[in-house]
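In the working numbering, the protein residues as written are 36 to 489.
Ideal Cβ placement from N, Cα and C applies to all residues, glycine included.
The structure appears below as structure tokens.
Laid out in structure tokens, this is it:
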């Protein structure tokens, strides 16, 4: 049970340390919406989502007001649309119609994002899945709230390099057709290795086929709470530092559990998981980079940064798991460059590079997240960066991902602004040497030897 003292302590963390629940995400299975006619499927999708999600925002607002815990986002994730459209979608336009349907119902129920315009192609893609993937640029360009993801690799199956190569092309095309809005379409597309079925965070959320009909997943946040706690142990030894992070992660997770239980009860929908991820915002005091500085690093990217991130990620997981028996999703620390003011400053000062960020992704929740690169970066180079990140996830048996934004018309040293929680980012330098011959090889890179567990 969660007692009054915990609620009061939570209120202090909210008022002084920027604690919030980053998202309540309602996962919805659309498997029963399949049909041979695309318009029938679109109607079934709209009707089911509306029926289950019509009260999501209202209930979230009620919980926020009653408990005083800010709930920043109310969102929806659905079964990968490549599966739902497999029988009825005969053209890219058919898939775009389904994307528009998702966007329409997202507006109707008032959520800010809906995820699941997705495909799971980590071993191979069917012809229909290839068709779906080619529809992504237009689908994201003509919708406002739809998010997309592609799982192109896994530790069990290896890396589908055909999908990686196509992903590079998709990202380039998406950047171009949304060029009038700083190529923001790319901020709504994530390329994954080992994507989890129950991730509540956008843009990578989808409702996995292993999930039930519907579920409530909650993503917490709280970099500011961790930073404030670590200010009290400056100069202390590492065991003390670790213990402080564990204690504060426990408290943050309990707040998320409270919100999840209430949302589940009031909506009459089963509770799924709490995602422990520390997700920064552009606001000062709500930054993963500031945590590194509080630990003793002059700036993110300094020697020791990867070690500090590994320590932070591990202690957050250990503290959170003690607070909830239902931890899932990504659960760790996010390092999105554009969404963290200290990371932005580090990138501007050349203290951090894409290569350093790659190293950090070996020990954090996700990967190369919200990184703006020159608009003239070739699709092959983008595919090469994706391949590197997929390899890290495959070999280390962890989730990794890329959200790369080749900002059209922008060069290294310039800056691109996306607004809101997406923040702004300096254009980061990309290695100029070609990987074209490598990424244009066809087929799949096999799974590593340690994938054989049976």
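CA-to-CA distance, residue j to residue i, given in whole angstroms
i: residue 475; j: residue 119; result: 30 Å
i: residue 386; j: residue 378; result: 9 Å
i: residue 199; j: residue 397; result: 19 Å
i: residue 37; j: residue 359; result: Unreliable positioning characterises residue 37 in this predicted model, as indicated by a pLDDT of 48, which lies under 50. A coordinate reading is not provided.
i: residue 302; j: residue 362; result: 21 Å
i: residue 420; j: residue 487; result: 27 Å
i: residue 265; j: residue 370; result: 19 Å
i: residue 388; j: residue 352; result: 26 Å
i: residue 96; j: residue 54; result: 16 Å
i: residue 376; j: residue 457; result: 11 Å
i: residue 179; j: residue 437; result: 21 Å
i: residue 413; j: residue 465; result: 10 Å
i: residue 480; j: residue 470; result: 16 Å
i: residue 268; j: residue 374; result: 26 Å
i: residue 489; j: residue 291; result: 36 Å
i: residue 259; j: residue 283; result: 11 Å
i: residue 286; j: residue 257; result: 10 Å
i: residue 434; j: residue 72; result: 35 Å
i: residue 163; j: residue 90; result: 34 Å
i: residue 191; j: residue 393; result: 21 Å
i: residue 280; j: residue 350; result: 6 Å
i: residue 339; j: residue 332; result: 7 Å
i: residue 110; j: residue 150; result: 8 Å
i: residue 66; j: residue 249; result: 11 Å
i: residue 381; j: residue 231; result: 30 Å
i: residue 158; j: residue 274; result: 42 Å
i: residue 432; j: residue 344; result: 18 Å
i: residue 92; j: residue 271; result: 43 Å
i: residue 106; j: residue 288; result: 14 Å
i: residue 241; j: residue 467; result: 34 Å
Beta-carbon separation (whole angstroms), residue i vs residue j, contact threshold 8 Å
i: residue 19; j: residue 233; result: Because the chain here runs from 36 to 489, residue 19 falls outside it and cannot be looked at.
i: residue 312; j: residue 367; result: 6 Å
i: residue 417; j: residue 206; result: 5 Å
i: residue 255; j: residue 57; result: 6 Å
i: residue 497; j: residue 62; result: Here the chain comprises residues numbered 36 to 489, so residue 497 is not present and cannot be evaluated.
i: residue 60; j: residue 252; result: 5 Å
i: residue 237; j: residue 148; result: 4 Å
i: residue 216; j: residue 452; result: Not confirmed; about 10 Å, so no contact.
DSSP state of residue i mapped onto helix, strand, coil
i: residue 182; result: strand
i: residue 463; result: coil
i: residue 412; result: coil
i: residue 332; result: coil
i: residue 503; result: The shown model of the chain, from 36 to 489, leaves out residue 503, and the question about it has no answer.
i: residue 172; result: helix
i: residue 374; result: coil
i: residue 265; result: helix
i: residue 304; result: coil
i: residue 144; result: helix
i: residue 476; result: coil
i: residue 252; result: strand
i: residue 105; result: coil
i: residue 324; result: helix
i: residue 450; result: strand
i: residue 417; result: helix
i: residue 61; result: strand
i: residue 441; result: strand
i: residue 151; result: strand
i: residue 484; result: helix
i: residue 368; result: strand
i: residue 406; result: strand
i: residue 310; result: strand
i: residue 260; result: helix
i: residue 362; result: strand
i: residue 435; result: strand
Residue from the options whose Cα sits closest to the Cα of residue i
i: residue 459; options: 406, 390, 437; result: 406
i: residue 224; options: 215, 235, 210, 214; result: 210
i: residue 173; options: 338, 317, 299, 127; result: 127
i: residue 195; options: 111, 429, 147; result: 429
i: residue 166; options: 122, 376, 180; result: 122
i: residue 346; options: 381, 395, 298; result: 395
i: residue 297; options: 148, 87, 75, 102; result: 102
i: residue 153; options: 281, 336, 177, 202; result: 202
i: residue 144; options: 108, 130, 155, 248; result: 108
i: residue 83; options: 141, 357, 273; result: 141
i: residue 445; options: 462, 467, 99; result: 462
i: residue 423; options: 329, 227, 344; result: 227
i: residue 383; options: 450, 271, 442, 390; result: 450
i: residue 99; options: 468, 193, 316, 293; result: 293
i: residue 364; options: 221, 310, 348; result: 310
i: residue 124; options: 161, 156, 176; result: 161
>> I'd like the ranges of any beta strand (DSSP E) spanning at least 3 consecutive residues and lying wholly in the stretch 184-240.
In response: 193-195, 224-228
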